[in-house]
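Protein chains in written order, with the numbering used here: chain A, 28 to 359; chain B, 34 to 372.
Written out below as structure tokens is the structure these notes cover.
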């Protein structure tokens, strides 16, 4: 259990310059077995918070407790045996294989010379195995793809055999399937090993789908904790992320773009065609409204799209033509 | 590793057997073993000239290579080398002060030898190196980032180097020439008396470096990762800078600023062994550095020609093509690597 008790993070003052507080009065808990995802707009202090939790920078006030004891009370080696990290730093040394890199995670467990015992080797094998990186073991880390690299870095963190793993933006630079796979892996690790896993990400939609608990830092610097559904229902997500061009749609759990000067559009079509048409019209600058009078009515006749606008009917045989026309009309 | 050890042994024997005076191999071995039938002339040459020279070359090569590995890992920079923080510039300044006769204080300190005695040069170089090392260590306590420290070190080195040019510009040609001679580096001239101090200092610092391999491995991923793996980063940084500078400083004191080995041998060792693991890399650098240095030592004597070449010219002319060839052949280097 990782607990934040009235924690303030930031940068200490130096030579008469006052301390710069990035976040203040944080109260939160990350439970073992849960995937805890830290989200928040850019520049709100996610990395500063994670660095403080990892012991890389001192807390300005308050405490970070791991299983009840303050992390500042642990010496370096003891802390390294309990908390492991995956940082955003991306340059890895050459001439190091994935297995050797994973082996570096044994550092707090090995003796004076750093020699790896059979037991250490077994832990390394296991870490590579569960992260799906066993087949990469003998590849140089500089030759790995971004997704493979994150798996190996996660394996290195696991090789430390910690009770908590903190990951800063591990899905940045990854393509969509790799992101989903990595998040899935982290959730599975949390479950199977009863690990505290705290991961920060920019990928809000994925976070809301996959997280057990969300830590949300809003633009004012307040930390909100809860399940994704709780934070959606009470409007915290929308309040933090809605902007001029973006609205969070609670029901679908996705963000929608909206243009200016839009009217309403009603769509009549069957099956998956209806949501797709709605999405195309939204992008073109219309706001879908399922019922009631609308500025634009679009109907799929089975052969063509019929659009009625200001009492005039237009007929389109292709979806692309309809979209182009709708965009033109919206900007008229 | 066994191959490297054999290379060291062979080059050591060759360094003793070959020199500007030709001595047949059997005579050389006989003289070395102080056999009764040994030629007294050969015995004198080998015991007073060649053996100290070979031991100096072996130690200096090992010291510079190990210091190079330490610096490249600490700064995570393939261009880092033992002198990058200005240790040899400090030593050079000390020597320049004494040689050009400007250092009233310095020459009093060295007992009035006015820069002509060998002991004076060694003391001046050590004092200069120690002064710069002290300055850099003091600054490193106040600096968080190694990149900043690296830049500070380079600045200190450049400042010292420009002070030297200033000194040389206002000294007479003969003294400037004398300084230049020293700055070209040489393994010759070390006496058994010198070795009595150089050997223990060097081996102690080498042993300290070999004991520090575990934290250096953790430092491969950068100081932040190292910290989260339980490394006391500041302590390791200070200890590494200290040992590397003692190694580089003592070599400079006895042999002058020997160029290139400290930069090149670490790369050769990494590419030959194909690993960045310091538990292998460090001992390998000791052996490879010793062997390469001995080969350079033999080459300076230009066996059979009677001429003696400047050491720094040899290390670079011999070493640079080797490093380039190794780089071109290596897949790791082709795909880009950062030390």
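Cβ atoms here follow ideal geometry from the backbone N, Cα and C, with glycine treated the same way.
Residue pairing for residue 191 of chain A: DSSP places it in a beta bridge opposite A:110, A:223. Counting other Cβ atoms within 10 Å of its Cβ, residue 66 of chain B stays below 16 and is therefore classed as exposed.
In terms of Cβ geometry, residue 159 of chain B and residue 127 of chain B form a close pair [threshold 9 Å]. Non-local C-beta neighbours of residue 236 of chain A in its own chain, meaning closer than 8 Å and more than five positions away in sequence, comprise 255, 280, ordered along the chain.
If only uninterrupted alpha helix (DSSP H) runs of at least 4 residues are considered, those enclosed by the stretch 189 to 223 of chain B are 206 to 216. With its beta carbon less than 9 Å from one in chain B, residue 118 of chain A belongs to the interface. Listed in chain order, the alpha helix (DSSP H) runs fully inside the stretch 293 to 355 of chain B are 294 to 306, 311 to 333, counting runs of at least 4 residues. Between residue 88 of chain B and residue 223 of chain B, the CB-CB gap stays under 9 Å.
Residues of chain B with a Cβ closer than 9 Å to the Cβ of residue 106 of chain A are, in chain order, 261, 263. Look at residue 287 of chain B here: in three-state DSSP terms it is helix.
In summary, the residues of the stretch 132 to 144 of chain A whose CB is separated from some CB of chain B by less than 8 Å are 132, 134, 135, 137, 139, 140, 141, 142, in the order they occur in the chain. Membership of residue 355 of chain A in the alpha helix (DSSP H) is indicated by the continuous run 346 to 357. For residue 232 of chain B, the enclosing alpha helix (DSSP H) begins and ends at 225 to 244.
For the pair residue 198 of chain A and residue 121 of chain A, the Cα-to-Cα distance works out to about 22 Å. Between residue 126 of chain A and residue 155 of chain A a beta carbon distance of about 7 Å is seen, short of the 8 Å cut, so the two are scored as contacting. If you draw a straight line from the Cα of residue 221 of chain B to the Cα of residue 175 of chain B, it is about 40 Å long. Under the Cβ criterion (8 Å, minimum of three pairs), the stretch 203 to 221 of chain A counts as touching the stretch 174 to 188 of chain A. When Cβ-Cβ separations below 9 Å define contact, residue 310 of chain B makes contact with chain A.
If you draw a 10 Å sphere on the C-beta of residue 191 of chain B, you find fewer than 16 other C-beta atoms in it, and that means exposed. Counting other Cβ atoms within 10 Å of its Cβ, residue 203 of chain A stays below 16 and is therefore classed as exposed. Assigned with DSSP and collapsed to three states, residue 116 of chain B falls in coil, not helix or strand.
In the DSSP assignment, residue 57 of chain A falls outside any alpha helix (DSSP H) and within the unbroken beta strand (DSSP E) covering 47 to 57. Contact of residue 72 of chain A with chain B is not assigned, every C-beta pair being separated by 9 Å or more.
Within chain B, the C-beta atoms nearer than 7 Å to that of residue 112 of chain A come from 261, in chain order. Taking 9 Å as the CB threshold, residue 54 of chain A stays off the interface with chain B. Residue 37 of chain A: member of the beta strand (DSSP E) spanning 29 to 38, first to last residue. Taking all protein chains in view, the Cβ of residue 332 of chain A is crowded by 16 or more other Cβ atoms within 10 Å, so the residue is classified as buried. DSSP, read as helix, strand or coil, puts residue 343 of chain A in strand.
The three-state secondary structure of residue 90 of chain A, taken from DSSP, is strand. If you compare the alpha carbons of B:276, B:50, B:240 with that of residue 82 of chain B, the shortest gap goes to B:50.
In the DSSP assignment, residue 251 of chain A forms a beta bridge with A:243. Bounds of the alpha helix (DSSP H) holding residue 154 of chain B are 151 to 175. Less than 9 Å divides the Cβ of residue 80 of chain A from the Cβ of residue 98 of chain A. The Cβ atoms of residue 41 of chain B and residue 108 of chain B lie no closer than 9 Å to each other.
Straight through space, the alpha carbons of residue 245 of chain A and residue 283 of chain A are spaced by roughly 19 Å. If you check each beta-carbon in the stretch 94 to 117 of chain B against every beta-carbon of chain A, the ones closer than 8 Å belong to 109.
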